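Its first residue numbered 871, the sequence shown is counted upward by one per residue in the numbering used here. Just so you know, even glycine gets a beta-carbon here, dropped at the ideal spot from N, CA and C. For clarity, every value in this text was computed on a predicted model and none was experimentally measured. The structure appears right after this line, and notes come after that.
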Amino acid sequence: MNWLTNYVRPKIRALVEKKDVPDNLWHKCSGCEQMIFHRELAATHYVCSHCEFHMRIPTKERLEMLFDSGEYQTIKVPKLKGDPLKFKDLKRYGERLKDSRSKTGNDDALLVANGKMGGQRVVVAAINFSFMGGSMGLAFGKGLLAAARLAVLQSAPLVCITSSGGARMQEGILSLMQMPRSVIAIDEVKEAGLPYISVLTDPTTGGVTASFAMLGDIAIAEPGALIGFAGPRVIEETIHQKLPEGFQRAEYLLEHGMIDRVVHRRKLRDELIKILGLLLESQQQENIVSIKTAARKNAQDFKLKEVSENEERPAAE
Ligand SMILES: [Zn+2]
871 MNWLTNYVRP KIRALVEKKD VPDNLWHKCS GCEQMIFHRE LAATHYVCSH CEFHMRIPTK
931 ERLEMLFDSG EYQTIKVPKL KGDPLKFKDL KRYGERLKDS RSKTGNDDAL LVANGKMGGQ
991 RVVVAAINFS FMGGSMGLAF GKGLLAAARL AVLQSAPLVC ITSSGGARMQ EGILSLMQMP
1051 RSVIAIDEVK EAGLPYISVL TDPTTGGVTA SFAMLGDIAI AEPGALIGFA GPRVIEETIH
1111 QKLPEGFQRA EYLLEHGMID RVVHRRKLRD ELIKILGLLL ESQQQENIVS IKTAARKNAQ
1171 DFKLKEVSEN EERPAAE
């Protein structure tokens, strides 16, 4: 009966017992349902090699993929202390924060990194979807402002990589207040005459779409990314109509003029370098000044003109 103990028993045990090997060795592609080995997935930057479906890529890998030689520094973003509204749904907000922090190793959903892309210094603000669905709360808003100010300080362009469910409901009104705050942050970059590029990845929805994500000088999206304010199900239930195929997907939005480009993840770094190069080059050539500076200059010229006219008058008399 040796074959029973040596062969059958281990087989059954292997089926029944919990395995020690991590369960994320194989990923199932949501596009074609093929199983992909984790090493292959990392090598293709989480793009399915069978059908080119773009899966969500961890923020660390995303940043490494974009910066020269994968080198960058992250800056410390102010951390949310305590729970401002003492919010509790199925779990306390404080507990959710703690869980997400230990799961991701980040303090909040927004990561601010700076480094070089094609030799050009760039500040990148990337949202980590694994941290409470990339939702925007107080710390997020502060982080975005810090990213914008860092960009201005370094005279570097700002690139935002979005992937978010929108506002963080556990912070209620405080979360909604981050929408205008994020717009102000982007405005600071624009006022300094620096390029702001927004890279929309799957999914970019809610308050993030309704604020800084849509303000890019150039808006790039990844293939198949869901981008919208309310989800398709909510819209269908509200308007009682079937939505067209591909609605709110990157390609549909490109066709309807809401975004500028749909770029394959493999080409994203090169595309960013090219666009930033063009924007910065044209800026140097034309010496573009921000609207505020131009207005100030106009006002000064006007005053000078007035003064010189006044000075001329007594001489004419
Ligand atoms: Zn696939």
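The stretch 1033-1053 contacting the stretch 1069-1083, beta-carbon criterion three pairs below 8 Å
With the cut-off at 8 Å, the stretch 1033-1053 and the stretch 1069-1083 touch.
Name the DSSP beta bridge partners of GLY901, please?
Bridge partners of GLY901: none, in fact.
For ALA1080, does the three-state DSSP call read helix, strand or coil?
coil
What span of residues does the alpha helix (DSSP H) with GLY1042 cover, start to end?
1042-1046
Can you tell me whether DSSP reads ASN976 as helix, strand or coil?
coil
Output the distance between the C-alpha atoms of LYS1012 and ASP978, rounded to the nearest integer angstrom.
11 Å
Through-space distance from ASN984 to GLY940, alpha-carbon basis
ASN984 has its alpha-carbon roughly 11 Å from the corresponding atom of GLY940.
Output the distance between the C-alpha atoms of CYS902 and LEU1070, rounded to the nearest integer angstrom.
Each residue's CA atom was taken as its position, placing CYS902 and LEU1070 some 23 Å apart.
Would you report the Cα separation of ALA1091 and SER1034, rounded to the nearest angstrom?
14 Å
Burial state of GLY989, where buried means 16 or more other Cβ atoms lie within 10 Å
exposed
How would you call ALA1016, buried or exposed, if buried means at least 16 neighbouring beta carbons within 10 angstroms?
Around the beta-carbon of ALA1016, 16 or more other beta-carbon atoms lie within 10 Å, marking it buried.
Would you say the beta carbon of GLY1004 is closer than 8 Å to some non-hydrogen atom of ligand 1?
no
Closer than 6 Å to ligand 1: residues, by C-beta to nearest heavy atom, in chain order:
CYS899, GLY901, CYS902, GLN904, CYS918, HIS920, CYS921, PHE923
Please state the DSSP three-state secondary structure of ASP1140.
helix
Cα-Cα separation between PRO1027 and LYS973, rounded to whole angstroms:
31 Å
Of all the options GLY1116, GLY1098, ALA912, which has the alpha carbon lying nearest to the alpha carbon of LEU895?
When only C-alpha atoms are compared, the closest one is ALA912.
Per DSSP, the bridge partner or partners of PHE907
TRP896
Taking the C-alpha atoms as reference points, what is the distance between ASN976 and GLN904?
About 31 Å.
Straight-line CA distance for ALA884 to HIS908?
22 Å
Assign ASN872 to one of three DSSP states: helix, strand, or coil.
helix
Using a C-beta cutoff of 9 Å, does LYS946 count as contacting chain D?
The chain labelled as chain D is not found in the depicted structure, where only one protein chain is given.
When the Cβ atoms of the stretch 949-961 are set against those of the stretch 1103-1115, are three or more pairs found closer than 8 Å?
Fewer than three beta-carbon pairs drawn from the stretch 949-961 and the stretch 1103-1115 are found closer than 8 Å, and the two stretches are therefore not classed as touching.
In chain order, which continuous runs of the beta strand (DSSP E) of length 3 or greater are located wholly inside the stretch 992-1044?
1028-1034
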